[in-house]
Amino acid sequence: MHYLLPIIAMSAFATSLSARTLDPLMPQISAQLLVSATVAATLASAFSVTFALAQPAVGIVADRFGKARLILVHLIILGLGNFAGAFSNSFEMLFATRIICGIGAGGVFPITLGLVGDLFPIAERQVAMSRVLAGAMTGNVIGATFAGLVGDLVGWRGVLIGIGGLLILASATVAWGFRNVFGNRSQAIRLRDLSSVYREIFSHPHAIICFAAVLVEGAVVFGIFPFVASFLAEIGEVRLSIAGIVIAGFAIGGLVYSIMVSRLLRRYGVGRLMMGGAALMASQLILIAFDPRWEVQLVLFVLLGTGFYLLHGSIQTFVSEISVMARSMAISVHSFSFFLGQSIGPIAYGYGLSTIGRTPVLLMAATVLLVLGIACVQLLRPVTAPPDRP
Numbered sequence: 038m039h040y041l042l043p044i045i046a047m048s049a050f051a052t053s054l055s056a057r058t059l060d061p062l063m064p065q066i067s068a069q070l071l072v073s074a075t076v077a078a079t080l081a082s083a084f085s086v087t088f089a090l091a092q093p094a095v096g097i098v099a100d101r102f103g104k105a106r107l108i109l110v111h112l113i114i115l116g117l118g119n120f121a122g123a124f125s126n127s128f129e130m131l132f133a134t135r136i137i138c139g140i141g142a143g144g145v146f147p148i149t150l151g152l153v154g155d156l157f158p159i160a161e162r163q164v165a166m167s168r169v170l171a172g173a174m175t176g177n178v179i180g181a182t183f184a185g186l187v188g189d190l191v192g193w194r195g196v197l198i199g200i201g202g203l204l205i206l207a208s209a210t211v212a213w214g215f216r217n218v219f220g221n222r223s224q225a226i227r228l229r230d231l232s233s234v235y236r237e238i239f240s241h242p243h244a245i246i247c248f249a250a251v252l253v254e255g256a257v258v259f260g261i262f263p264f265v266a267s268f269l270a271e272i273g274e275v276r277l278s279i280a281g282i283v284i285a286g287f288a289i290g291g292l293v294y295s296i297m298v299s300r301l302l303r304r305y306g307v308g309r310l311m312m313g314g315a316a317l318m319a320s321q322l323i324l325i326a327f328d329p330r331w332e333v334q335l336v337l338f339v340l341l342g343t344g345f346y347l348l349h350g351s352i353q354t355f356v357s358e359i360s361v362m363a364r365s366m367a368i369s370v371h372s373f374s375f376f377l378g379q380s381i382g383p384i385a386y387g388y389g390l391s392t393i394g395r396t397p398v399l400l401m402a403a404t405v406l407l408v409l410g411i412a413c414v415q416l417l418r419p420v421t422a423p424p425d426r427p
């Protein structure tokens with residue numbers, strides 16, 4: 038079943054096209070729909086919080102009725118949500134369509150990671166997950182860059198129409214690729230057994246640590262994205278295409294991670310990868326606080342993305358072993374925590390920026406990331422593959 042990995046990566050790619058689409062377009066949306074930049078940034082929270090809230094149900098449905106079928110249905114929902122957003126005539130309507138998109142995306146990416154967990158043994162899993170992340174990061178690169186370029190030419194509505202069309206095309210591709218596995222299901226978990234399954238998940242020594250860590254990651258790292266275009270405007274760079282390119286740098290960093298991860302794991306081990314990732318992220322936030330030119334910020338975002346996935350990819354591997362029998366449910370709790378953090382992040386950054394200013398906020402964020410890296414290294418212990426695994 039290893040041949041399914043490219044198709045799984047395609048699902049992640051298609052979902053990621055939509056995830057950060059509106060980030061470089063916030064100034065344009067703010068001006069056209071007559072809302073402040075802080076209010077416009079809540080569009081990111083609308084997507085993230087519904088993604089998060091969908092996770093408990095998504096994990097149950099995936100384990101009972103099949104991951105492949107669920108991925109296809111949610112890709113279609115995500116595509117239709119983008120089309121609907123393009124025809125929004127008010128901020129409230131656009132906000133509602135981002136909720137729909139969050140629900141659609143919530144049934145794709147976490148379940149693709151569950152499929153990877155089903156297909157690959159623990160010794161190969163972080164590298165396999167890095168390939169799926171590469172698909173997601175490519176989607177982020179193309180999505181953010183496409184959004185900025187098209188936003189400058191035809192506006193944010195044209196961006197959403199284009200993304201919606203690409204997602205419907207991706208749905209057809211995934212339907213064809215998964216045609217022979219739609220009947221495959223994980224071992225069904227009876228509804229009356231849910232409480233015991235969740236008790237098993239949360240009793241694992243890594244569970245609370247992993248879920249709390251990704252919540253903090255989501256808030257501290259992704260909370261900054263809706264404000265990138267505004268930060269650049271303050272130093273005189275008002276082109277949305279440039280904001281899209283800078284944000285895409287983060288995804289390029291994810292691609293760098295996917296290329297390097299197997300060698301880095303062999304050489305340094307998972308503990309050093311986590312600490313190195315946290316330190317790299319913290320240093321980039323400190324440098325961003327000093328308003329460098331956009332070309333420099335692009336490089337900083339590449340390094341920020343590399344550092345993020347060094348830490349996050351390691352945590353994902355620990356999460357995949359929390360519950361083998363209910364892997365989709367465990368990964369869904371992980372995703373719930375991660376996207377809950379992403380929904381909190383823009384609100385927290387907005388409050389901090391309006392009260393104490395950008396430099397103190399970014400320095401505080403860097404400190405939090407350093408503490409997080411130290412905590413993960415101290416509290417998470419590497420999982421080893423069983424020696425008799427065929």
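Numbering (the working numbering), first residue to last: 38 to 427. Note that the Cβ used here is the ideal one computed from N, Cα and C, for glycine as well. Quick caveat: nothing in here was measured; it's all calculated off a predicted structure.
Exercise. When DSSP labels each residue in this structure, what does Pro502 get in the three-state scheme?
Worked result: It is not possible to answer for residue 502, since the shown part of the chain is limited to 38 through 427.
Problem set entry | Coarse secondary structure for Ala78, derived from DSSP in three states | Looking up residue 78 in the sequence shown gives position 41. In the structure shown, Ala78 sits in coil (DSSP, three-state: anything other than H, G, I, E or B).
For this session: Give the straight-line distance between the Cα atoms of Asp189 and Tyr346, rounded to the nearest whole angstrom.
Result: In the sequence shown, the residue the question calls residue 189 occupies position 152. In the sequence shown, the residue the question calls residue 346 occupies position 309. In a straight line, the C-alpha of Asp189 is about 30 Å away from that of Tyr346.
Problem set entry | Endpoints, the alpha helix (DSSP H) within which Ala343 is located | Walking along the sequence shown from the start, residue 343 turns up at place 306. The sequence as given places Thr at residue 343; Ala does not occur at that position. That run of the alpha helix (DSSP H) goes Trp331 to Ser357.
For this session: Report the rounded CA-to-CA distance for Ile261 versus Ile114, giving the unit in angstroms.
Result: Position 224 of the sequence shown, counted from the start, is the residue given in the question as residue 261. Position 77 of the sequence shown, counted from the start, is the residue given in the question as residue 114. Roughly 27 Å separates the two Cα atoms.
For this session: Starting from the C-beta of Tyr457, find all residues in its chain whose C-beta is less than 7 Å away, skip the five residues before and the five after it, and write them out in chain order.
Result: Beyond the ends of the chain as shown, which are 38 and 427, falls residue 457; an answer cannot be given.
For this session: Consult DSSP for Glu274 and reduce its assignment to one of helix, strand or coil.
Result: Here residue 274 refers to the residue found at position 237 of the sequence shown. In the structure shown, Glu274 sits in coil (DSSP, three-state: anything other than H, G, I, E or B).
Exercise. I think Ala49 touches Thr149, with their Cβ atoms under 8 Å apart; what is that distance to the nearest whole Å?
Worked result: What you label residue 49 is simply residue 12 of the sequence shown in a count that begins at 1. What you label residue 149 is simply residue 112 of the sequence shown in a count that begins at 1. With a Cβ gap of about 5 Å, Ala49 and Thr149 count as contacting.
Problem set entry | Contact the stretch 388-408 vs the stretch 274-288: 3+ CB pairs below 8 Å | no
Exercise. Taking C-alpha atoms, which residue in Ile136, Gln415 and Gly103 lies nearest to Phe215?
Worked result: Counting from one through the sequence shown, the residue named residue 215 turns up at place 178. Considering only alpha carbons, the answer is Gly103.
For this session: Compare the Cα-Cα distances from Ala249 to each of Ile325, Phe88, Leu197 and Gln379 and report the closest residue.
Result: Counting from 1 along the sequence shown, the entry for residue 249 is found at position 212. Cα-wise, what sits closest to Ala249 is Gln379.
Exercise. Terminal residues of the continuous alpha helix (DSSP H) containing Phe259?
Worked result: Locating residue 259 in the sequence shown gives position 222, counting from the first residue. Here the alpha helix (DSSP H) through Phe259 covers Ala244 to Phe259.
Exercise. Using 8 Å as the threshold, is the stretch 119-134 in touch with the stretch 181-197, meaning 3 or more CB pairs across them?
Worked result: Taking 8 Å as the limit for Cβ pairs, the verdict is that the stretch 181-197 does touch the stretch 119-134.
For this session: State the DSSP-derived secondary structure class of Gly410, mapped to helix, strand or coil.
Result: For the purposes of this step, residue 410 is identified with residue 373 of the sequence shown, where counting begins at 1. Three-state DSSP puts Gly410 in a helix.
For this session: Grab me the residues of Gly308's own chain with a C-beta within less than 6 Å of its C-beta, minus the 5 sequence neighbours each way, in chain order.
Result: For this step, residue 308 is matched to residue 271 along the sequence shown. Within the same chain, and ignoring the five residues on either side of Gly308 in sequence, the residues whose Cβ sits closer than 6 Å to its Cβ are Val414.
For this session: Look at the Cβ atom of Gln33, then the Cβ atom of Phe268, and state whether they are nearer than 8 Å.
Result: No answer is possible for residue 33: the residues shown for the chain start at 38 and end at 427.
Problem set entry | Option in Thr58, Ala74, Tyr235 and Ala244 with minimal Cα separation from Leu204 | For the purposes of this step, residue 204 is identified with residue 167 of the sequence shown, where counting begins at 1. Of the candidates Thr58, Ala74, Tyr235 and Ala244, the one whose C-alpha sits nearest the C-alpha of Leu204 is Thr58.
Problem set entry | Buried or exposed by the 16-neighbour rule on C-beta atoms within 10 Å, applied to Thr52 | Residue numbering aside, residue 52 sits at position 15 when the sequence shown is read from its first letter. Answer is buried; the Cβ neighbour count reaches 16.
Problem set entry | Span separating the alpha-carbon of Met297 from that of Ser357 | As a working mapping, residue 297 is identified with position 260 in the sequence shown. As a working mapping, residue 357 is identified with position 320 in the sequence shown. Between Met297 and Ser357, the C-alpha separation is close to 21 Å.
Exercise. What's the gap between the Cα of Ala266 and the Cα of Ile279?
Worked result: The residue labelled residue 266 in the question sits at position 229 within the sequence shown. The residue labelled residue 279 in the question sits at position 242 within the sequence shown. Cα to Cα, Ala266 sits roughly 8 Å from Ile279.
Exercise. What's the call for Tyr294, buried or exposed, on a 16-neighbour Cβ count within 10 Å?
Worked result: Position 257 of the sequence shown, counted from the first residue, corresponds to residue 294. Flag for Tyr294 reads buried.
Exercise. At what residues does the alpha helix (DSSP H) containing Arg418 begin and finish?
Worked result: Here the question's residue 418 lines up with position 381 in the sequence shown. Looking at the DSSP string, Arg418 is not in any alpha helix (DSSP H), and its letter there is neither H nor E.
Exercise. Since Gly429 is in the alpha helix (DSSP H), which residue starts that stretch and which ends it?
Worked result: Because residue 429 is not part of the residues shown, which for the chain are 38 to 427, the question remains open.
Exercise. Who are the near neighbours of Leu109 in its chain, counting only those whose CB is closer than 7 Å to its CB and skipping five residues on each side?
Worked result: As a first step, residue 109 is located in the sequence shown; it is residue number 72 there, counting from the start. Contacts found: Ser208, Val211, Ala212 and Phe215.
Exercise. Can you name, in chain order, every residue of its own chain whose Cβ lies under 7 Å from the Cβ of Leu252, other than the five neighbours on each side?
Worked result: Taking the first residue of the sequence shown as 1, we reach residue 252 at position 215. Ser374, Phe375, Leu377 and Gly378.
Exercise. Are the beta-carbon atoms of Gln321 and Leu292 separated by less than 8 Å?
Worked result: As a first step, residue 321 is located in the sequence shown; it is residue number 284 there, counting from the start. As a first step, residue 292 is located in the sequence shown; it is residue number 255 there, counting from the start. Taking 8 Å as the Cβ cut-off, Gln321 and Leu292 do not qualify as a contacting pair.
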